[in-house]
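Residue numbers (mature numbering (1 follows the signal peptide of the UniProt record, and there is no 0)): -28 to -1, 1 to 374.
Yeah, the Cβ is synthetic: ideal placement off N, Cα and C, and Gly gets one too.
Note that this is a predicted model, so its numbers are computed, not measured.
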Amino acid sequence: MKSQFSFNRCLQLLSVLALTLPGSAAFAQDQPLLISAARVFDGYTLRTDAAVLISEGKVARIDGREAFNDSGAPRLDLGDATLLPGFIELHAHLSYQHVPADTVLRHGVTTVRDVGGPLHQPYGGDGSLRLMTSGPILTAPAGYPIPNLGETDIAMPVADAQQARQAVRKLVAGGAVVIKVALEPGGEAGAPWSGGHAHAQHAHSKMHDKPHSWPMLSPVVLAAIVDEAHQLGRRVAAHLAESKGAQLALDVGIDEWAHTPCETLPDAQLHRAVAQQVRIVSTIDTLSKCSGVSSNVRRLAELGAEFLYGAEIAHPDIPWGIDGQELLYLQHLAGMTPLDVIRIATSNAGQYLNIPLLGTLLPGAPADMIAVKGDPMQKLKLLEYPDLVMSGGKLIINYFGS
């Protein structure tokens, strides 16, 4: 009995010690854990000298630090740091670019929506990256992205309304959380796809001789996709970059633009997009070489458009995690406060995904959280290299001391 007691006691001590080890990923998972910091952003408001109690992989309670004086839970005091929910990336391409999920997670993104790739049910969130997908992009035969990538699992051509409805049903049954369509004629200066995606363009180089020749889905087929998706409780997101694609999207009631458009759009289209409550996924950083992206962001913001955070992880020069430059673009081009920007990438995104507590630190929320030393409200770039990451209550990295 004595040796058994000693062994169990050693395990308990090692679990507590693991909380203080830099880079540690292990702690006593069967015990509650209390994390406190000088600043805690709960997804909606910024609290000072607060603490979060984690139990069974979820947030059990959030309150002032002193409210937990009688708690017997192990404590991790982060000091002059900021604790906040893990970020939610709504436009990524992890699968086809083979981006390691653990790399993305360790850099502060705890949930990813992969929009164009293998179809699967949502999974993860319990110590791994929470990953959901649109499945393949619906497109016209020989339409984008087939000229760049071929008919791989990133694209599914549909030729008529019946095929379109069947495709939507197949995608939803397979786990797609959103239906994505391509409305891309090609040729927008500065857009990454205009020169072809890396690693694949050489196989279809002849298709780039006529950059504006890519066919697009017809209004009839698009309308069938939108109708079927809405009947099945899914939104439709459109890859678009210029006015022709935008007009098609507006005419059939598409819910989301997967990019801020690359080319400058007419005011009438921007006004209509806002009136129809179209959500705009930012992707400003990856489209920073486009001539119209900055003006489109400014004008959409002035009109009251709702932006979603998405950096398009896997494109060249985009960090495999939180993109501080994307946050700065939203702050300065859209006129947002740092708190507004962070809210877009956390609680707003969770609401948009119909998982209301995701992206928050409120009771019942998944214990997906990150922390950085200092105050990211003063320096958003701090968020690119978090000092603590937790997924579903499991510590992934911890660079804080005891």
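For residue 298, the enclosing alpha helix (DSSP H) begins and ends at 296 to 305. Between the C-alpha atoms of residue 85 and residue 42 there is a straight-line separation of about 40 Å. Distance check between residue 263 and each of 271, 163, 144, 252 places 163 closest, using alpha-carbon atoms only. Between the alpha carbons of residue 282 and residue 102 lies a distance of about 15 Å. With a contact defined as Cβ atoms closer than 8 Å, residue 253 and residue 80 miss out at about 18 Å. Straight across, the Cα-Cα distance linking residue 350 with residue 357 is about 15 Å.
Bridge partners of residue 36 according to DSSP: 22. Segment contact: the segment 335 to 342 against the segment 24 to 33, three or more CB-CB distances shorter than 8 Å; contact assigned. In the DSSP assignment, residue 287 forms a beta bridge with 285. For residue 214, the closest of 158, 111, 208 by C-alpha to C-alpha distance is 158. Proximity of the segment 268 to 279 to the segment 87 to 102 falls short of the contact definition, fewer than three beta-carbon pairs being nearer than 8 Å.
For residue 197, same chain residues with a beta-carbon under 7 Å away, outside a window of 5 residues either side, are 110, 136, 140, 151, 153, 208 in chain order.
In terms of CA proximity to residue 147, 95 leads the group 3, 113, 95. A straight line joining the alpha-carbon of residue 217 with that of residue 75 spans about 34 Å. For residue 356, DSSP assigns no beta-bridge partner whatsoever. The secondary-structure analysis by DSSP pairs residue 256 with nothing; it has no beta-bridge partner. Rounded to whole angstroms, the gap between the alpha carbons of residue 297 and residue 287 is 14 Å. Taking C-beta separations shorter than 7 Å and ignoring five residues to either side along the sequence, the partners of residue 295 in its chain run 257, 283, following chain order. Sorting 90, 273, 236 by C-alpha distance to the C-alpha of residue 249 places 273 at the top. Within the segment 183 to 215, complete beta strand (DSSP E) segments of at least 3 residues are found at 208 to 211, given in chain order.
Pairing residue 10 with residue 51 gives a Cβ-Cβ distance under 8 Å. Spanning the alpha carbons of residue 303 and residue 201 requires a straight line of approximately 33 Å.
Counting the other Cβ atoms within 10 Å of the Cβ of residue 160 gives 16 or more, which makes it buried. Take the alpha-carbon of residue 243 and the one of residue 236: they are about 13 Å apart. Nearest to residue 322 by C-alpha distance, out of 314, 331, 315, is 331. If you check the CB distance, residue 56 and residue 308 do not come in under 8 Å. Assignment of residue 274 by DSSP, reduced to helix, strand and coil, places it in the helix class. Take residue 192, set aside five residues on each side of it, and the residues of its chain with a beta-carbon closer than 6 Å to its own are 133, in chain order. Burial state of residue 348 is buried, judged by a 10 Å Cβ sphere holding 16 or more other Cβ atoms. Between the alpha carbons of residue 228 and residue 210 lies a distance of about 6 Å. If one requires a minimum length of 4 residues, the alpha helix (DSSP H) runs lying completely within the segment 100 to 170 are 118 to 121, 133 to 145, in chain order. Taking C-beta atoms as the reference points, residue 232 and residue 212 fail to come closer than 8 Å.
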